[in-house]
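A.B. asks:
Number of protein chains: 2
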Amino acid sequence: MRIAILGGDGYCGWATALHLSNRGHEIAIIDNFLRRQWDFELGVQTLTPIRPLPERLAVWQQLTGRVIEPFIGDVTDYDFLASMISEFRPEAIVHFAEQRSAPYSMIDRKHAVSTQVNNVVGTLNLLFAIRELAPDCHIVKLGTMGEYGTPNIDIEEGFITIEHNGRKDTLPFPKQPGSFYHLSKVHDSHNITFACKIWGLRATDLNQGVVYGTLTDEVDMDEALINRFDYDEVFGTVLNRFCAQAAIGLPLSVYGKGGQTRGFLDIRDTVRCIELVCINPASRGEFRVFNQFTEQFSVLELAKLVQMISREMGVHVEIDHLPDPRVEAETHYYNAKHSRLADLGLEPHLLSDALVNSLINVALRYRDRIDPAMFAPQVNWRAGRNRRRTTSMLGRDLALAKEPLSSSIS
Amino acid sequence: MRIAILGGDGYCGWATALHLSNRGHEIAIIDNFLRRQWDFELGVQTLTPIRPLPERLAVWQQLTGRVIEPFIGDVTDYDFLASMISEFRPEAIVHFAEQRSAPYSMIDRKHAVSTQVNNVVGTLNLLFAIRELAPDCHIVKLGTMGEYGTPNIDIEEGFITIEHNGRKDTLPFPKQPGSFYHLSKVHDSHNITFACKIWGLRATDLNQGVVYGTLTDEVDMDEALINRFDYDEVFGTVLNRFCAQAAIGLPLSVYGKGGQTRGFLDIRDTVRCIELVCINPASRGEFRVFNQFTEQFSVLELAKLVQMISREMGVHVEIDHLPDPRVEAETHYYNAKHSRLADLGLEPHLLSDALVNSLINVALRYRDRIDPAMFAPQVNWRAGRNRRRTTSMLGRDLALAKEPLSSSIS
Chain D
7 MRIAILGGDG YCGWATALHL SNRGHEIAII DNFLRRQWDF ELGVQTLTPI RPLPERLAVW
67 QQLTGRVIEP FIGDVTDYDF LASMISEFRP EAIVHFAEQR SAPYSMIDRK HAVSTQVNNV
127 VGTLNLLFAI RELAPDCHIV KLGTMGEYGT PNIDIEEGFI TIEHNGRKDT LPFPKQPGSF
187 YHLSKVHDSH NITFACKIWG LRATDLNQGV VYGTLTDEVD MDEALINRFD YDEVFGTVLN
247 RFCAQAAIGL PLSVYGKGGQ TRGFLDIRDT VRCIELVCIN PASRGEFRVF NQFTEQFSVL
307 ELAKLVQMIS REMGVHVEID HLPDPRVEAE THYYNAKHSR LADLGLEPHL LSDALVNSLI
367 NVALRYRDRI DPAMFAPQVN WRAGRNRRRT TSMLGRDLAL AKEPLSSSIS
Chain X
7 MRIAILGGDG YCGWATALHL SNRGHEIAII DNFLRRQWDF ELGVQTLTPI RPLPERLAVW
67 QQLTGRVIEP FIGDVTDYDF LASMISEFRP EAIVHFAEQR SAPYSMIDRK HAVSTQVNNV
127 VGTLNLLFAI RELAPDCHIV KLGTMGEYGT PNIDIEEGFI TIEHNGRKDT LPFPKQPGSF
187 YHLSKVHDSH NITFACKIWG LRATDLNQGV VYGTLTDEVD MDEALINRFD YDEVFGTVLN
247 RFCAQAAIGL PLSVYGKGGQ TRGFLDIRDT VRCIELVCIN PASRGEFRVF NQFTEQFSVL
307 ELAKLVQMIS REMGVHVEID HLPDPRVEAE THYYNAKHSR LADLGLEPHL LSDALVNSLI
367 NVALRYRDRI DPAMFAPQVN WRAGRNRRRT TSMLGRDLAL AKEPLSSSIS
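These protein sequence lines are chains D and X, in that order.
Its first residue numbered 7, the first sequence is counted upward by one per residue in the numbering used here.
Its first residue numbered 7, the second sequence is counted upward by one per residue in the numbering used here.
1) Does chain D have any CB closer than 9 Å to the CB of glutamate 336 of chain X?
2) To the nearest angstrom, how far is it from the Cα of leucine 139 of chain D to the Cα of histidine 355 of chain D?
3) Closest to leucine 207 of chain D by C-alpha separation, out of X:Arg388, X:Pro178, X:Leu370, would be which residue?
4) Spatial neighbours of glutamate 472 of chain X within its chain, please: C-beta separation below 7 Å, excluding the five flanking residues on both sides.
5) Quick one, which of D:Val240, D:Phe235, D:Ile136 has its alpha-carbon nearest asparagine 246 of chain D's?
6) Beta-carbon of glutamine 122 of chain D versus every beta-carbon of chain X: anything under 9 Å?
7) Mapping the DSSP letters down to three states, classify glutamine 302 of chain D as helix, strand or coil.
8) Quick one: which unbroken beta strand (DSSP E) runs of 3-plus residues sit fully inside the segment 308-368 of chain D? Chain order, please.
9) Check each candidate in D:Leu212, D:Leu48, D:Ile113 and name the one with the smallest Cα separation from arginine 332 of chain D.
10) Checking contacts by CB at 9 Å: is alanine 34 of chain X closer than that to chain D?
11) With DSSP collapsed to three states, give me the class of serine 185 of chain D.
12) For histidine 101 of chain X, write down the residues that DSSP places opposite it in a beta bridge.
13) Threonine 54 of chain D to isoleucine 232 of chain D, Cα distance in whole Å?
14) Along the chain, where does the beta strand (DSSP E) that runs through glutamate 169 of chain X open and close?
15) How many angstroms separate the CA atom of aspartate 228 of chain D from the CA atom of aspartate 80 of chain D?
16) Below 8 Å on C-beta distance, what does lysine 174 of chain X contact in chain D?
17) What first and last residue would you give for the alpha helix (DSSP H) that runs through glycine 19 of chain X?
18) With a 10 Å radius around its C-beta and 16 neighbouring C-beta atoms as the bar for buried, classify proline 433 of chain D as buried or exposed.
19) Could you say if the segment 290-306 of chain X and the segment 153-167 of chain X meet the contact criterion of at least three C-beta pairs nearer than 8 Å?
20) The beta strand (DSSP E) that contains threonine 267 of chain X, what's its start and end?
21) Run through DSSP, which three-state label would tyrosine 372 of chain X get?
22) Compile a chain-ordered list of the residues in the segment 203-215 of chain X whose CB is closer than 8 Å to at least one CB of chain A.
23) In its own chain, which residues sit with a C-beta less than 8 Å from the C-beta of isoleucine 9 of chain D, not counting the 5 before and 5 after it?
24) List the residues that DSSP assigns as beta-bridge partners of asparagine 213 of chain X.
25) Step through the CB atoms of chain D and report whether any lies within less than 9 Å of the CB of tyrosine 261 of chain X.
26) With burial defined as no fewer than 16 other Cβ atoms inside 10 Å of the residue's Cβ, what is the status of proline 180 of chain X: buried or exposed?
27) Looking only at C-alpha atoms, which of D:Ala369, D:Leu311, D:Val321, D:Ala382 sits nearest to leucine 357 of chain D?
28) Closer than 8 Å by beta-carbon distance: list the chain D residues that pair up with histidine 196 of chain X, in chain order.
29) Quick one: measure Cβ to Cβ for threonine 267 of chain D and glutamine 313 of chain D, integer angstroms, because I've assumed they're closer than 8 Å.
30) Starting from alanine 118 of chain D, find everything on chain X with Cβ-Cβ shorter than 8 Å and list it in chain order.
31) At a CB distance below 7 Å, what residues from the segment 363-390 of chain D approach chain X? Give them in sequence order.
32) Going by DSSP, what residue range makes up the alpha helix (DSSP H) through aspartate 94 of chain X?
33) List the DSSP bridge partners of aspartate 37 of chain D.
34) Per DSSP, what kind of secondary structure is serine 120 of chain X in: helix, strand or coil?
Encoded structure:
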């Protein structure tokens with residue numbers, strides 16, 4: 007299939023692009039490197055030294071003979087997006103090209119506004135471009151499990167049948183998103199639902215859980231193909247962060263009680279899910295929602311797992327309970343359905359001790375790149391970003407912070 | 007109370023500002039005249055000759071001795087909005103300052119994007135400005151009954167208790183908005199819910215029905231205070247449109263079967279509802295939703311009512327069933343709750359023959375300003391705007407269209 011990956015230079019996008027290319031699909035990567043720019047803005051960097059996209063693509067071609075076509079531009083620029091579609095003529099477009107960090111969206115008003123405008127306008131442009139230029143093209147949109155929040159009932163996949171006062175209807179599952187970022191995804195979902203209904207577009211909304219891991223078969227082929235591994239408080243996902251903390255012997259930072267339970271999945275399952283969805287498209291006019299995760303864990307369970315594996319590796323790390331910077335339930339009911347991707351054939355990579363071990367080893371390999379100042383939560387849901395740390399101070403903070411640390415994992 | 011009316015130069019905003027001023031509140035009007043600009047863009051005008059805001063305010067002051075303070079600017083400009091709040095220090099802010107036409111939002115991509123960006127960013131700015139500058143200020147936000155769509159179950163006021171797999175929770179009522187405009191209001195509702203939760207703001211979301219009528223006690227005091235009366239296909243609401251059609255003897259244009267049922271209310275109830283909500287504010291951290299309408303009608307019922315009243319006035323008008331330009335159910339179940347404003351003391355002005363008679367008389371009074379070309383639906387939900395009519399042709403169309411008409415109501 008001809009598949010365009012919007013945001014193909016990012017964490018999930020890059021792994022997906024390589025996987026689909028390796029599986030024989032014709033792939034285009036669309037990116038404007040905004041994700042790399044946010045690193046500059048925040049003064050953070052991925053643990054793993056990712057290469058510039060042209061180098062990545064050249065190495066991929068040398069190794070596999072497969073060509074991935076880059077289109078450099080912004081999906082909020084309609085003319086650019088339209089010209090890509092006209093030229094590449096995709097049968098499916100996988101849309102990862104959004105600001106995807108909850109803390110980033112909570113920094114202040116400008117970050118909230120830019121997150122929502124970027125995500126909503128990019129998706130609106132995509133809907134109109136497909137209507138205009140490729141009405142048969144399947145939209146594969148990355149949503150998030152965070153759209154649902156933590157209701158006190160089972161979470162279904164997108165829709166729920168409600169009986170009320172003697173009548174019944176199947177309606178969109180009520181959403182209770184927990185950040186301006188998560189809200190932007192809810193806005194997108196509503197906009198896409200509507201476009202499928204009125205224009206007969208076909209779309210699959212993947213409410214993805216928290217992704218962990220960095221290696222896929224393809225990324226593992228060469229160091230130049232290495233994927234992001236974000237561990238900072240803004241873009242780092244929780245398991246990656248714990249493994250990076252363990253690698254330098256820092257306490258694992260659990261927000262509040264740690265009873266926050268979420269769906270999780272291995273990045274190897276992300277890429278597999280995307281292919282399953284592409285080769286099994288929604289029908290014309292259909293808006294499907296799949297919950298894309300494989301297991302539920304609480305944050306504290308993950309911390310304890312990382313602590314245990316670290317101990318097996320000869321290192322004792324503490325678990326710190328920090329005041330929760332977010333506004334969220336620290337203990338709650340959580341039971342989210344996730345059978346539709348399994349029905350399509352997903353065989354999950356469940357979280358194993360070996361995987362955690364390998365993640366800690368990745369972190370150890372690049373431990374010199376870890377800046378311990380990047381772990382501390384500076385973005386507070388109630389107050390925005392702590393102004394004490396500013397970009398201009400980062401260099402000094404970093405030097406000061408690194409000095410007293412002695413490494414405890416070798 | 008000190009009450010700021012965002013969008014106070016518009017249809018509902020103007021009537022509300024005068025009513026609240028007349029009731030003794032200190033009022034500021036915030037407006038950037040975007041609504042007047044859209045008339046220029048579309049080549050349409052209100053049936054009633056509204057005056058410039060400075061003239062309106064001067065006449066109001068002459069008549070009543072009451073001063074309404076104008077702040078001219080755009081709520082998507084944060085600095086402007088913040089300076090207004092710092093200067094005027096409102097206890098409540100009534101937010102009408104949004105693009106509020108479904109057809110306008112469906113013209114094309116640019117209109118969809120501008121509607122959503124304008125509405126979402128304006129509301130985000132308001133939330134942040136209140137958090138920063140006036141955390142106790144009550145947000146009175148105009149939503150729309152159209153957020154709910156037409157589910158096959160009773161529509162509750164904002165929230166619904168769902169029993170599912172043996173568990174129970176009260177969750178936001180699922181939304182099925184039917185245009186990019188209605189979607190923008192759903193986005194707003196989610197954003198406001200979140201801000202109330204994390205920052206302890208207080209807000210009331212008024213899911214308003216279709217408003218009809220043009221006169222309130224205050225507007226009626228002087229012709230210079232006259233309110234908008236939009237009858238064109240883009241900004242006109244259905245009952246106003248039918249009355250304008252009747253006034254020049256044109257068939258009443260019903261879209262499809264006309265079984266589309268919606269909540270309606272008299273503009274005299276809009277202004278009363280707003281005062282009731284302002285003087286009975288939400289608590290800190292509370293996000294309330296009231297359904298603001300007084301009666302349900304189908305479009306065909308309203309057409310038949312206007313036809314009957316016209317006949318009593320000596321004129322026979324036909325009812326035309328046009329192909330529905332929208333994507334919507336033409337017949338459906340509809341039962342929406344609306345008791346919370348009545349609980350606060352609203353005594354509704356139900357739709358009477360006398361009111362329809364007076365509306366037709368308003369239309370007759372200004373019949374020379376009616377452009378019959380403005381009735382025909384040019385915006386199609388599936389295809390966007392019909393390009394045959396362009397602004398540059400309007401003058402000629404208008405002249406051609408007016409010629410053969412002979413008036414049948416005197």
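Quick reminder that beta carbons are idealized off the backbone N, C-alpha and C, glycines included.
Here the structure is a predicted model, which means the values were calculated and not measured.
C.D. replies: In terms of the structure at hand:
1) Start at 1 with the first residue of the second sequence, and residue 336 of chain X comes out as number 330. No, glutamate 336 of chain X does not count as interfacial toward chain D.
2) Here residue 139 of chain D is taken as the residue at index 133 of the first sequence, counted from 1. Here residue 355 of chain D is taken as the residue at index 349 of the first sequence, counted from 1. So the two alpha carbons sit approximately 38 Å from each other.
3) Here residue 207 of chain D refers to the residue found at position 201 of the first sequence. Nearest of X:Arg388, X:Pro178, X:Leu370 to leucine 207 of chain D, Cα basis: X:Arg388.
4) Only positions 7 to 416 of chain X appear in the structure, and residue 472 of chain X is not among them; the question remains open.
5) Translated into the one-based positions of the first sequence, residue 246 of chain D becomes position 240. Of D:Val240, D:Phe235, D:Ile136, the residue nearest in Cα terms is D:Phe235.
6) Translated into the one-based positions of the first sequence, residue 122 of chain D becomes position 116. Closer than 9 Å to some Cβ of chain X, the Cβ of glutamine 122 of chain D qualifies, so yes.
7) Counting from one through the first sequence, the residue named residue 302 of chain D turns up at place 296. In the structure shown, glutamine 302 of chain D sits in a strand (DSSP, three-state: E or B).
8) 325-328
9) One-based indexing of the first sequence puts residue 332 of chain D at position 326. Closest option to arginine 332 of chain D, Cα to Cα, is D:Ile113.
10) Position 28 of the second sequence, counting from 1, holds the residue named residue 34 of chain X. No - not a single Cβ of chain D is within 9 Å of the one on alanine 34 of chain X.
11) If you number the first sequence from 1, residue 185 of chain D lands on position 179. Coil, per DSSP.
12) As a first step, residue 101 of chain X is located in the second sequence; it is residue number 95 there, counting from the start. According to DSSP, which records beta bridges pairwise, histidine 101 of chain X is partnered with X:Leu12, X:Lys147.
13) Against the first sequence, residue 54 of chain D aligns to sequence position 48. Against the first sequence, residue 232 of chain D aligns to sequence position 226. One C-alpha to the other measures close to 7 Å.
14) In the second sequence, residue 169 of chain X corresponds to position 163, counting from 1. Here the beta strand (DSSP E) through glutamate 169 of chain X covers 165-170.
15) Along the first sequence, one-based indexing puts residue 228 of chain D at 222. Along the first sequence, one-based indexing puts residue 80 of chain D at 74. Roughly 28 Å between the two C-alpha positions.
16) Position 168 of the second sequence holds residue 174 of chain X. Within 8 Å Cβ-Cβ: Asn158, Ile159.
17) Locating residue 19 of chain X in the second sequence gives position 13, where the first residue counts as 1. Where glycine 19 of chain X is concerned, the enclosing alpha helix (DSSP H) stretches over 17-28.
18) An answer regarding residue 433 of chain D cannot be provided, because it is not within the stretch 7 to 416 covered by chain D.
19) Because the criterion of three Cβ pairs below 8 Å is met, the segment 290-306 of chain X and the segment 153-167 of chain X touch.
20) Start at 1 with the first residue of the second sequence, and residue 267 of chain X comes out as number 261. Unbroken beta strand (DSSP E) run through threonine 267 of chain X: 267-272.
21) As a position in the second sequence, residue 372 of chain X is number 366, starting the count at 1. Of the three classes helix, strand and coil, the one that applies to tyrosine 372 of chain X here is coil, per DSSP.
22) Reference to chain A is not applicable here, since the protein chains of this structure are D and X.
23) Translated into the one-based positions of the first sequence, residue 9 of chain D becomes position 3. By the criterion of a C-beta distance shorter than 8 Å, isoleucine 9 of chain D is surrounded in its chain by Leu26, His31, Glu32, Ile33, Ala34, Pro96, Glu97, Ala98, Ile99, Val100, Cys284, once the five residues flanking it on both sides are discounted.
24) One-based indexing of the second sequence puts residue 213 of chain X at position 207. BP columns for asparagine 213 of chain X point to X:Gly149, X:Asn297.
25) Taking the first residue of the second sequence as 1, we reach residue 261 of chain X at position 255. For tyrosine 261 of chain X, the answer is no, since every Cβ of chain D falls outside 9 Å of its Cβ.
26) Position 174 of the second sequence, counted from the first residue, corresponds to residue 180 of chain X. Under this definition proline 180 of chain X is a buried residue.
27) Locating residue 357 of chain D in the first sequence gives position 351, where the first residue counts as 1. Ranking D:Ala369, D:Leu311, D:Val321, D:Ala382 by Cα distance to leucine 357 of chain D puts D:Leu311 first.
28) Here residue 196 of chain X refers to the residue found at position 190 when the second sequence is read from its first residue. Within chain D, the residues near histidine 196 of chain X are Lys181, Pro183, Leu189, Val192, His193.
29) Residue numbering aside, residue 267 of chain D sits at position 261 when the first sequence is read from its first letter. Residue numbering aside, residue 313 of chain D sits at position 307 when the first sequence is read from its first letter. So it is not a contact: roughly 18 Å between Cβ atoms.
30) As a first step, residue 118 of chain D must be located in the first sequence, where it is residue number 112. Under the 8 Å cutoff, chain X gives Leu130, Phe134.
31) Trp387, Arg388
32) Within the second sequence, residue 94 of chain X is the residue found at index 88, counting from 1. Note that residue 94 of chain X is phenylalanine in the sequence shown, not aspartate. In this chain, the alpha helix (DSSP H) harbouring phenylalanine 94 of chain X covers 84-94.
33) In the first sequence, residue 37 of chain D corresponds to position 31, counting from 1. Partner(s): D:Ile78.
34) For the purposes of this step, residue 120 of chain X is taken as the residue at position 114 of the second sequence. Helix.
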